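Numbering (the numbering used here), first residue to last: 7 to 249. We put the beta carbon where it would ideally sit given N, CA and C, even for glycine. Note that this is a predicted model, so its numbers are computed, not measured.
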């Protein structure tokens, strides 16, 4: 049964990740192509979401491979938007989920890492980077409180290692509650309000990454010269310092 506290994780305009197990993706090393699914429909995942067919339609129309947009939905490695590994040639919804075909770039990362790790199973999930747009909560007789997702804004699809899921960007906030994380993103929205939505998403991803690294870095042992600093820095100061 999914609890109602999951609802706090569905803020709009906040970048999320969601993964699907790779079902024997079709990889052609000679032609450098890969195909498979980035997401699945009509199943309740581990965080209580159920994606519905049609939720990607607007994003595909506006930023898919056949669109005229200069900012296409990207094919990335491990959700690193500054590390594209190819281009989607097909993005379409079918009854199963979000199907894709992609042409991989002939670069060392793909030849030496991505393709071998696809084959070994180290890279065994595909995942999407997205924002919620339209959703509603319904009571399901089997699953309890379920978030029915009818539209998302899709930014990228990635090949990722096992265990990557929607909450991955926030695992580093060890000392922050879910509400504190949400408040941090609200303050970041105020700072970046004049930027394009695409750039705001990229900055949020960088911000989350920096916080995660900071939380994961063990503190240096104190010296006799160190003085305690009890000043609590605002999220604005932290952002400006790190970026």
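Worksheet item: With which residues is residue 41 paired in a DSSP beta bridge?
Response: 32 and 107.
Discussion item. Considering only the alpha carbon of each residue, which of 152, 20 and 136 lies closest to residue 69?
Written reply: The residue with the shortest Cα to Cα distance from residue 69 is 136.
Discussion item. Taking DSSP's pairing of strands, which residues face residue 151 in a bridge?
Written reply: Answer is 145, bridged to residue 151.
Discussion item. Quick check on the DSSP output: the beta strand (DSSP E) that includes residue 68 runs from which residue to which?
Written reply: From DSSP, residue 68 is part of no beta strand (DSSP E) but of the alpha helix (DSSP H) over 63-69.
Practice prompt. Sort out for me which residues DSSP pairs residue 134 with in a bridge.
Written response: DSSP lists 24 and 163 as partners of residue 134.
Worksheet item: Taking the C-alpha atoms as reference points, what is the distance between residue 50 and residue 142?
Response: Cα-Cα distance, rounded: 14 Å.
Worksheet item: Can residue 160 and residue 65 be called in contact, C-beta distance under 7 Å?
Response: Yes.
Item to complete: Classify residue 26 as buried or exposed, calling it buried when 16 or more other Cβ atoms lie within 10 Å of its own Cβ.
Response: Buried.
Discussion item. Please list the terminal residues of the continuous alpha helix (DSSP H) segment that includes residue 123.
Written reply: For residue 123, the enclosing alpha helix (DSSP H) covers residues 121-126.
Worksheet item: Can you tell me the Cα-Cα spacing of residue 227 and residue 190, whole angstroms?
Response: Confidence in residue 227 is poor, its pLDDT being 48 and thus under 50, which makes the residue's placement unreliable; the coordinate value appears in the next sentence. Using only the alpha carbons, I get a separation of about 28 Å.
Practice prompt. Would you verify that the beta carbon of residue 146 is, or is not, closer than 7 Å to some beta carbon of chain D?
Written response: Among the protein chains of the structure shown there is no chain D, as only one such chain exists.
Discussion item. With three or more beta-carbon pairs closer than 8 Å as the criterion, would you say the stretch 52-60 touches the stretch 71-90?
Written reply: Taking a cut-off of 8 Å on C-beta distances, the stretch 52-60 does not touch the stretch 71-90, as fewer than three cross pairs fall below it.
Fill in: Contact under 7 Å by Cβ, residue 86 with residue 95
With contacts defined by Cβ atoms closer than 7 Å, residue 86 and residue 95 do not form a contacting pair.
Discussion item. Quick check on this structure: which residue in 204, 163, 57 and 144 has the alpha carbon closest to the alpha carbon of residue 42?
Written reply: Ranking 204, 163, 57 and 144 by Cα distance to residue 42 puts 163 first.
Worksheet item: For residue 204, is the classification buried or exposed, using 16 other Cβ atoms within 10 angstroms of its Cβ as the cut-off for buried?
Response: So residue 204 counts as exposed.
Practice prompt. Rank 111, 22, 47 and 58 by C-alpha distance to the C-alpha of residue 36 and give the top, closest one.
Written response: When each option's Cα is compared against that of residue 36, the closest is 111.
Fill in: residue 96: first and last residue of the uninterrupted beta strand (DSSP E) it sits in
For residue 96, the enclosing beta strand (DSSP E) has its first and last residue at 86-99.
Worksheet item: Who pairs with residue 57 in a beta bridge, going by DSSP?
Response: Assignment of beta-bridge partners to residue 57 by DSSP yields 155.
Worksheet item: Should residue 132 and residue 165 be called a contact, given that it needs their Cβ atoms to be closer than 7 Å?
Response: Taking a C-beta distance under 7 Å as the contact criterion, residue 132 and residue 165 qualify as a contact pair.
Discussion item. By the three-class DSSP mapping on this structure, what secondary structure does residue 194 have?
Written reply: Residue 194 falls in the helix class under three-state DSSP.
Item to complete: Starting from the Cα of residue 73, find the closest Cα among 61, 33, 93 and 59 and give me that residue.
Response: Among 61, 33, 93 and 59, the Cα nearest to that of residue 73 belongs to 93.
Worksheet item: Under a three-way DSSP split, which group does residue 199 fall into?
Response: Per DSSP, reduced to three states, the secondary structure at residue 199 is coil, with no helix or strand assignment.
Worksheet item: Which residues in the same chain as residue 18 place their Cβ atom closer than 8 Å to its Cβ, once the five residues preceding and following it in sequence are excluded?
Response: Result list for residue 18: 137, 138 and 139, in chain order.
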